[in-house]
Structure formats: structure tokens, C-alpha cells
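Okay, so here's the structure we're looking at.
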Amino acid sequence: MAPGDKVTRPGHVQFGDELLLGPDTPYRWRSLSGWEDLPALDSGSVNRADGHGSYPGRLLAQARTIGLDDVIVRAPHGTIGAVVRALNAATALGDAEQPLVIWLDERGPMLSFARVLRRAVPVGNGYRLGTITGAAIQWEASDPRRYSVIEQQATTSLPAPEPGLEWQATPGPERLAYPIDFGAPGSTGTLLALNDGDAPSHPLVTIRGPVSRPSVTNLRTGEAIEYDIDLAADDELLVDTGDGAVTLNRTASRLYTATARSVPEQLFALAPSSATTLAFRAAPGSTDRRAAVSIRWRSAFW
Numbered sequence: 382m383a384p385g386d387k388v389t390r391p392g393h394v395q396f397g398d399e400l401l402l403g404p405d406t407p408y409r410w411r412s413l414s415g416w417e418d419l420p421a422l423d424s425g426s427v428n429r430a431d432g433h434g435s436y437p438g439r440l441l442a443q444a445r446t447i448g449l450d451d452v453i454v455r456a457p458h459g460t461i462g463a464v465v466r467a468l469n470a471a472t473a474l475g476d477a478e479q480p481l482v483i484w485l486d487e488r489g490p491m492l493s494f495a496r497v498l499r500r501a502v503p504v505g506n507g508y509r510l511g512t513i514t515g516a517a518i519q520w521e522a523s524d525p526r527r528y529s530v531i532e533q534q535a536t537t538s539l540p541a542p543e544p545g546l547e548w549q550a551t552p553g554p555e556r557l558a559y560p561i562d563f564g565a566p567g568s569t570g571t572l573l574a575l576n577d578g579d580a581p582s583h584p585l586v587t588i589r590g591p592v593s594r595p596s597v598t599n600l601r602t603g604e605a606i607e608y609d610i611d612l613a614a615d616d617e618l619l620v621d622t623g624d625g626a627v628t629l630n631r632t633a634s635r636l637y638t639a640t641a642r643s644v645p646e647q648l649f650a651l652a653p654s655s656a657t658t659l660a661f662r663a664a665p666g667s668t669d670r671r672a673a674v675s676i677r678w679r680s681a682f683w
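In the working numbering, the protein residues as written are 382 to 683.
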């Protein structure tokens, strides 16, 4: 299922595959915290020893804490237990993060990945009548960025010229017959990735063989990821630039194959509010047109 597949209107909040809160659900909420705020920051600034102020350092965002407060749960008489049970099951403790999709306004829904830290379901006089007031849910997202729900993808093969028409000297007059076959189209070996948000986005890079020493280079900054590895036709090298992981065929780590010109994977990100041109290249002599790179990413927001 796609993240937020049940979200259809402003006010809807979906956690995981099943739990939907907001209009036309048993779970209404009045207040949302931590969603539009900047996350807490770790500052690398160092105080000046011989003057006022500090030397500016790098700012790194901490995990984002998101809370739905003053949640009202309503259910027909005799069904409140089932409604609460469904809420409890969907917000049970767990180590794995799940998609959290929230639609606030005309910008449309946005996506985070989070896990439940707290759930409060007060039991008062209205409980047996089917009304609970003052309930609350709190999540923590280890990645503080919010993302567009729609995932984008772009693919390219190694650069190759267009073969064009093949001319042969033959006796006697001949005419061209339409449609003319100009051969297979060429490839520039580049692709364009647009990050429409205001935060850097880390793409998921998939390289397929046959290819030797594949690399992907950001043509604007010159930063590259490159691996000294030979991939067969059925091999797939997956580079998760967010987690800094490199795996062959989704099982064996190949992080150690990164070359000296390769930047750390977590530094290879798509800049915000811009289109990034990426070039796919390989070792000299590695020209098989079956080799390809695929980039998947979402626009990212603070």
C-alpha cells in the first residue's frame, strides 16, 4: 500500500496502513504539535576565547516529536471497546517506524516516518456512553524531515551515441523507404532530480550491471559516489545515501568498495529548491547498454 492511501481531505492523519484519524472517523483531534515547528537542534558553535560570541558551527537537527492533543473518541453505544481496541492496536509499542501522513492545508499531505512514544486514553464518566475526551498520541521521527507523499524516480543508462543510418555503397539507384529506422536512440548518461522542498533529500540509488567501477556524479558540485566492483548482468548494487549503506543484491554489504574519489554516502544529497543533474559513468571499456542507474527520492521539508 502507498503511504497515506486513506488520506482524502484536510484534517486527516494516517499512521501505518490502517489507523485514520480526523473528519469522518471515530477519532477527532483539535491540536497538533511539532509538525510545523523546526526540530530541536544540535549546534556545533564554539565560544570565542578572546571575545564576545562564538564561532558558528554546523547545525544538525534532532529527532522530531509530533503530538496529536485533545483527541476526542466517539463511538455508537456498545462499540466504544472495539474502537479503543483498534486505536490501541495501531499505536502499540514497536521498534520499527511506520509512515505518518498528515494533511493540514492546501499544500496537500506530507509524510514522515515515526513510531509511537505515548498514548493516553482517559477513562471518565462519558466512556460507557461512547465518548472519550482528552486522549493524546505522541510520535518520534528519527528523521526530522517531512516528505512529499509521491516518490519520484529517474533512470538512465551509460552514455552512448546514436548509431544513425548505416550507408552502404550499392550499384544502381535506390530510394529510402519510410518509416526510416535510425537505430536505437543514444543516451547522455545523465538524469535530472528535482527536490521541490526546503531541506536536502537523500536519494536511493540502484545500479544494475553489467558494469565495472560504476559512479554517479553531481555535475553541479562535483561530488560523486563510486565503487570498485564488477557487477554482472543480474547484479544490483543498492546505495542508501540516507543510512549510508551499500548492499549487493540486498544481502551483502559492499561499503568497502567505495573508491578514494567517492564522498561519504550521507553527504550525497539533493539540494533543496533545485534540480540536480546526475551523471552515470563507469570504467573505460565498460559500455554495455544494459547497465543502468535508477534514482528514487522525495522532496524534503523542514
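Ideal Cβ positions, reconstructed from N, Cα and C, are used throughout, including at glycine.
I'd like the list of long-range same chain contacts for residue i, defined as Cβ closer than 6 Å, with 5 residues on each side in sequence excluded.
| i | result |
| --- | --- |
| Ser-529 | Arg-679, Ser-680 |
| Thr-640 | Glu-607, Asp-609 |
| Ile-453 | Arg-409, Thr-514 |
| Gly-385 | Gln-395, Val-482, Pro-490, Val-530 |
| Arg-499 | Gln-519 |
| Gly-623 | His-583 |
| Asp-451 | Arg-411, Ser-412 |
| Asp-669 | Pro-591 |
| Thr-512 | Arg-455 |
Quickly, what does DSSP pair residue i with across the bridge? List them, please.
| i | result |
| --- | --- |
| Thr-638 | Answer is none; Thr-638 lacks a bridge partner. |
| Ile-461 | None, per the DSSP bridge assignment. |
| Glu-521 | Thr-446, Arg-496 |
| Pro-480 | Phe-494 |
| Arg-677 | Gln-534, Leu-585 |
| Ala-628 | Looking at the sequence shown, residue 628 is not Ala but Thr. Note: Thr-628 sits in a beta bridge opposite Leu-619, Ser-634. |
| Leu-441 | Asp-423 |
| Thr-571 | Ala-660 |
| Ala-580 | Ala-681 |
| Gly-596 | The question names Gly, yet the displayed sequence has Ser at residue 596. Answer by DSSP bridge pairing, in chain order: Glu-607, Arg-662. |
| Val-394 | Leu-402, Ile-483 |
Helix or strand or just coil, what does DSSP make of residue i?
| i | result |
| --- | --- |
| Arg-466 | helix |
| Glu-417 | coil |
| Arg-601 | coil |
| Leu-400 | strand |
| Ser-509 | At residue 509 the sequence reads Arg, which differs from the Ser that was named. Helix, per DSSP. |
| Leu-618 | strand |
| Ile-561 | Caution applies to Ile-561, whose pLDDT of 43 falls short of 50 and renders its modelled position unreliable; the model cannot decide the point. |
| Ala-660 | strand |
| Ala-471 | helix |
| Asp-451 | strand |
| Arg-411 | coil |
| Thr-514 | strand |
| Ala-501 | strand |
| Val-644 | coil |
| Ala-672 | coil |
| Ser-529 | strand |
| Ala-541 | strand |
Judging by CA-CA distance, which residue of the options is the nearest neighbour of residue i?
| i | options | result |
| --- | --- | --- |
| Asp-577 | Pro-490, Ser-654, Val-394, Ala-633 | Ser-654 |
| Ala-444 | Gly-415, Ile-461, Pro-437 | Gly-415 |
| Phe-396 | Ile-461, Asp-431, Thr-472 | Thr-472 |
| Phe-661 | Ile-676, Leu-492, Ala-517, Gly-425 | Ile-676 |
| Trp-484 | Gly-666, Ile-453, Pro-404, Pro-665 | Pro-404 |
| Gly-392 | Leu-573, Asp-621, Trp-410, Asp-386 | Trp-410 |
| Pro-503 | Thr-537, Gln-479, Arg-455 | Arg-455 |
| Gly-459 | Arg-509, Leu-413, Glu-478 | Arg-509 |
| Arg-601 | Glu-617, Leu-619, Ala-574 | Ala-574 |
| Ser-582 | Pro-525, Gly-570, Arg-631 | Pro-525 |
| Thr-587 | Asp-621, Ala-580, Asn-599 | Asp-621 |
| Asp-687 | Gly-666, Pro-407, Ala-442, Leu-440 | Because the chain here runs from 382 to 683, residue 687 falls outside it and cannot be looked at. |
| Arg-631 | Gly-623, Ala-470, Leu-618, Ser-643 | Leu-618 |
| Asp-579 | Gly-425, Pro-480, Ala-650 | Ala-650 |
Considering just the uninterrupted stretch of the beta strand (DSSP E) at residue i, what are its terminal residues?
| i | result |
| --- | --- |
| Ala-652 | Unbroken run through Ala-652: none, as it is neither H nor E. |
| Ala-613 | No beta strand (DSSP E) holds Ala-613; DSSP gives it neither H nor E. |
| Ser-424 | 422-424 |
| Tyr-608 | Run containing Tyr-608: none; DSSP gives neither H nor E here. |
| Arg-429 | Here Arg-429 belongs to no beta strand (DSSP E), and DSSP marks it neither H nor E. |
| Arg-488 | That residue, Arg-488, is in no beta strand (DSSP E); it is neither H nor E in DSSP. |
Between which residues of its own chain and residue i is the CB-CB distance below 8 Å, once the five residues before and five after are set aside?
| i | result |
| --- | --- |
| Ser-634 | Ala-626, Val-627, Thr-628 |
| Asp-476 | Arg-496 |
| Leu-572 | Ala-535, Thr-536, Thr-537, Thr-658, Leu-659, Phe-661, Val-674, Ile-676 |
| Arg-671 | Ser-538, Arg-589, Gly-590, Pro-591, Ala-614 |
| Pro-645 | Gly-625 |
| Arg-429 | Ser-435, Tyr-436 |
Please list, in chain order, all residues of the same chain as residue i whose beta carbon is under 7 Å from its beta carbon, the five residues on each side excluded.
| i | result |
| --- | --- |
| Val-427 | Ser-435, Tyr-436, Gly-438 |
| Asp-486 | Pro-391 |
| Lys-387 | Gln-395, Leu-401 |
Under the criterion of a Cβ to heavy atom distance below 8 Å, does residue i qualify as lining the ligand ATP?
| i | result |
| --- | --- |
| Ala-663 | Looking for the ligand ATP in the displayed structure turns up nothing, as the structure carries no ligands at all. |
Looking at the C-beta of residue i, does it have a partner C-beta in chain C at a distance below 9 Å?
| i | result |
| --- | --- |
| Glu-399 | Absent from the structure: chain C. Only one protein chain is present. |
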